[in-house]
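Quick notes on the structure that follows.
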Amino acid sequence: MKKNLIIVITVCLLWPGFIQGEATHPQIKDFEAKLLKARLVDLSQVRLLGGPLKKAQEVDAQYLLQLEPDRMLAYYRQRAGLPPKAEPYDGWDGGGRNLTGHLAGHYLSAVSLMYAATGDERFKERADYIVKELKEVQDKHGDGYLSALEGGREAFERLARGEIQSRAFDLNGLWSPWYTLHKTFAGLRDAYRYTGNKIALEIEVRFAEWVERTLANLTPAQIQHMLHTEFGGMNEVLVDLYADTGDQRWLDLSFKFEHDNFLRPLQRHQDNLAWKHANTQVPKLIGSADRFGYTGTAVDIIAASFFFDQVAQHHSFATGGHGKDEYFGPPDQLSDFIVGRTAETCNVYNMVKLARRLFEFFPDAHYADFQERALFNHILASLDPETGRMCYMVPVGQGVQHEYQNMFRSFTCCVGTGMESHALHGSGIYYQGENKLWVNLYVPSELNWEEMGAKLRMKTDFPEGEEAVLELSLSSPQKFTLLLRRPYWVEKGFVVLVNGERVFSDEKRRSQDKSPESSLYSQEIPGYPLSSSYVALERTWQDGDQIEIKLPKTLRLEPLPDNPRRAAILWGPLVLAGDLGPEIPRSRWTQRQASSEEIKFKPVPVLVAAHLP
Numbered sequence: 037m038k039k040n041l042i043i044v045i046t047v048c049l050l051w052p053g054f055i056q057g058e059a060t061h062p063q064i065k066d067f068e069a070k071l072l073k074a075r076l077v078d079l080s081q082v083r084l085l086g087g088p089l090k091k092a093q094e095v096d097a098q099y100l101l102q103l104e105p106d107r108m109l110a111y112y113r114q115r116a117g118l119p120p121k122a123e124p125y126d127g128w129d130g131g132g133r134n135l136t137g138h139l140a141g142h143y144l145s146a147v148s149l150m151y152a153a154t155g156d157e158r159f160k161e162r163a164d165y166i167v168k169e170l171k172e173v174q175d176k177h178g179d180g181y182l183s184a185l186e187g188g189r190e191a192f193e194r195l196a197r198g199e200i201q202s203r204a205f206d207l208n209g210l211w212s213p214w215y216t217l218h219k220t221f222a223g224l225r226d227a228y229r230y231t232g233n234k235i236a237l238e239i240e241v242r243f244a245e246w247v248e249r250t251l252a253n254l255t256p257a258q259i260q261h262m263l264h265t266e267f268g269g270m271n272e273v274l275v276d277l278y279a280d281t282g283d284q285r286w287l288d289l290s291f292k293f294e295h296d297n298f299l300r301p302l303q304r305h306q307d308n309l310a311w312k313h314a315n316t317q318v319p320k321l322i323g324s325a326d327r328f329g330y331t332g333t334a335v336d337i338i339a340a341s342f343f344f345d346q347v348a349q350h351h352s353f354a355t356g357g358h359g360k361d362e363y364f365g366p367p368d369q370l371s372d373f374i375v376g377r378t379a380e381t382c383n384v385y386n387m388v389k390l391a392r393r394l395f396e397f398f399p400d401a402h403y404a405d406f407q408e409r410a411l412f413n414h415i416l417a418s419l420d421p422e423t424g425r426m427c428y429m430v431p432v433g434q435g436v437q438h439e440y441q442n443m444f445r446s447f448t449c450c451v452g453t454g455m456e457s458h459a460l461h462g463s464g465i466y467y468q469g470e471n472k473l474w475v476n477l478y479v480p481s482e483l484n485w486e487e488m489g490a491k492l493r494m495k496t497d498f499p500e501g502e503e504a505v506l507e508l509s510l511s512s513p514q515k516f517t518l519l520l521r522r523p524y525w526v527e528k529g530f531v532v533l534v535n536g537e538r539v540f541s542d543e544k545r546r547s548q549d550k551s552p553e554s555s556l557y558s559q560e561i562p563g564y565p566l567s568s569s570y571v572a573l574e575r576t577w578q579d580g581d582q583i584e585i586k587l588p589k590t591l592r593l594e595p596l597p598d599n600p601r602r603a604a605i606l607w608g609p610l611v612l613a614g615d616l617g618p619e620i621p622r623s624r625w626t627q628r629q630a631s632s633e634e635i636k637f638k639p640v641p642v643l644v645a646a647h648l649p
């Protein structure tokens, strides 16, 4: 029996918000506002109320409170000549040739985001403590340097002299050092933007000054050689530092992390992704999108939007994930990829971030489509709601299983992004414009719409339900446009009623889409089975108005572009999976060794259906 989807929206006065996760310098903020067509509602204005996203947030919050900041800060202190306060963590955050220090950066971002998402002071206290400790470490170094990497200072001193040995994941003997430093930068940025910690911004500025000095004497050719090694989103954090300070130096410095060999083809609309390490690339385009928002530079948005469309429409599986063994393949050639270790969680996390940002510039429903697809099929599936374990891979194909991590020993990249990702489930549900509110996802939540002096409450059991009811409660009449996403997966029978009167249905869609308001947000997107659109309800809303939405779903197939005999089965937005029994507990390395052989030789049930290939 199908459950009903019920949404209740209440509008009234609101509570104060936190610093928003966007440009904070007044002049940059004003410039950005002119480019944004739809602004992401600040995370602090949304509270999740129930459902699987709320459950994931709670599990993540519990995990964050179990971790010990002093352990993830131990190597920072040791590198500065300070005594550690606790035994350090191991795994990818351990000593030696590791991503040592990345955990503290991810964690600082995660607790800052969780504070904004929940208002729980325990997370702000942890963010403040880490910032205080990082300041002590930076002060001890004396020159702005801030790293836990073993041999980091020596490697960067060689870099500054022009001595550069650079390969995919190795720069002067270190494992992707700029990638690790990016996590520290991002944590400081998020502590400033989401908790209001001004000391974090001061540390970030001094850190950027050290970066500036390190790269000052390198030629453009040497810079490009350096960028052969994965560097995370260094362009993004430096652009964001410009947006928070207004200092042109940091915008200029962001171009030192402009990887020409990769970005120039994208700016010409050339797909050059095949055989490239996927998560090395996505953060570069997040930085490009951010820089467009603060500068209006056309080539940045051309590259970012083209990259997103290519990955989402020509490189992704039905779950929203992409890649095999962490690498892209040729576009629209996925059949041979549906085996073994596919769909890294870091990649999907970053693609969702990019989708949210691009929607602000181009409020097209296909960005919301991707977020919904990736969120409900990959991101939620990457977290075990009972144990809290997170996945490195959430693979697709026959007979595959989750690649869960040891949450207190492994500390892989996907554990780091995972702790951030599940703090962000309130982000992307709502966007706002001038007297407009976009409802992109149906999620139980409460929204404080500051610009309208309103409070909205949504109640739903999505994704199982097929009906929605929205109730508005207003202290006085308000005129605004409510843009309700009509998902691409919805079957015939989609209906919207206001106070019992039918205002939109599939039969009226053709005429509805011809209206100026609707045509702006209803576009056919190649590569999707159908295109989503928005139903625009513009009126003066009265207290007690009710909106009913019917969202019928059916089963359907989504075949691979290069093999119609291999297809995913979906019900609405959900990719379905067969229950083949309990999963076999394995480490990441044993999963890597076992997956291909098992799929080759272990019998896996297949579906046989009439009239289908």
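To convert, count from 1 in the sequence shown and add 36; that's my numbering. All C-beta atoms in this analysis are idealised placements derived from N, C-alpha and C, irrespective of residue type, glycine included.
Asked	Found
Residue environment, G529, which counts as buried when at least 16 other CB atoms sit within 10 Å	exposed
Burial state of T423, where buried means 16 or more other Cβ atoms lie within 10 Å	exposed
Same chain, Cβ closer than 6 angstroms to A334, neighbours up to 5 away in sequence not counted	none
Backbone secondary structure at G452 - three-state DSSP	helix
Separation of F498 from K550, as counted between CA atoms	The predicted position of K550 is uncertain, since its pLDDT is 45 and thus under 50; a value taken from the coordinates is nonetheless stated next. Near 30 angstroms, if we compare the C-alpha coordinates of F498 and K550.
Coil, strand or helix - N308 by DSSP	coil
8 angstroms Cβ cutoff met for G282 and Q578	no
Spatial neighbours of E681 in its chain, beta-carbon cut-off 8 angstroms, leaving aside the 5 residues before and after	As displayed, the chain neither begins before 37 nor continues past 649, which places residue 681 out of reach and without an answer.
Coil, strand or helix - I338 by DSSP	helix
Paired residues, beta bridge with A490 - DSSP	W485
Cβ shell of Y99 (< 8 angstroms), same chain only, five flanking positions each side left out	G424, M443, M455
Helix, strand or coil at S463 [DSSP, three-state]	coil
Within 8 angstroms, strictly: CB atoms of V273 and L287	no
For G469, the three-state DSSP class (helix, strand or coil)	strand
Cβ distance (whole Å) where V430 is taken to contact A379 below 8 angstroms	5 angstroms
Any alpha helix (DSSP H) of 4 or more consecutive residues that is wholly inside the region 390 to 453	401 to 410
The region 479 to 495 / the region 117 to 136 touching (three or more Cβ pairs under 8 angstroms)	no
Chain-order list of residues whose beta-carbon lies under 8 angstroms from that of Q260 (same chain, five-residue window excluded)	H295, D296, N297
I620 - DSSP class collapsed to helix/strand/coil	coil
Simplified DSSP assignment, three categories, for Q201	coil
Neighbourhood of L596 by C-beta, 6 angstroms cutoff - its chain only, sequence neighbours within 5 removed	L370, S371, R602
Candidates P609, Q201, S481, R445, of which the one nearest P523 by Cα	P609
As assigned by DSSP and simplified to three states, the class of N599	strand
Residue range of the unbroken alpha helix (DSSP H) whose run includes V241	234 to 251
Residue span of the beta strand (DSSP E) that contains R522, given as start and end	514 to 522
Burial state of N271, where buried means 16 or more other Cβ atoms lie within 10 Å	buried
Residue(s) in a DSSP beta bridge with K360	Y363, T378
Closest Cα partner of N413 within the set I337, A227, K515, S352	S352
Between the CA atoms of S202 and A196 - distance to the nearest angstrom	14 angstroms
Sufficient close CB pairs (3 or more, under 8 angstroms) joining the region 247 to 258 to the region 231 to 239	no
Residue environment, N386, which counts as buried when at least 16 other CB atoms sit within 10 Å	buried
V642 versus Q434: straight-line alpha-carbon distance, rounded	8 angstroms
Assigned secondary structure, P641 (DSSP; H/G/I helix, E/B strand, else coil)	coil
Alpha-carbon to alpha-carbon, K586 and S569	15 angstroms
Complete runs of the alpha helix (DSSP H) confined to the region 151 to 207 [at least 4 residues]	157 to 177, 188 to 196
Unbroken beta strand (DSSP E) run spanning T576, endpoints	569 to 577
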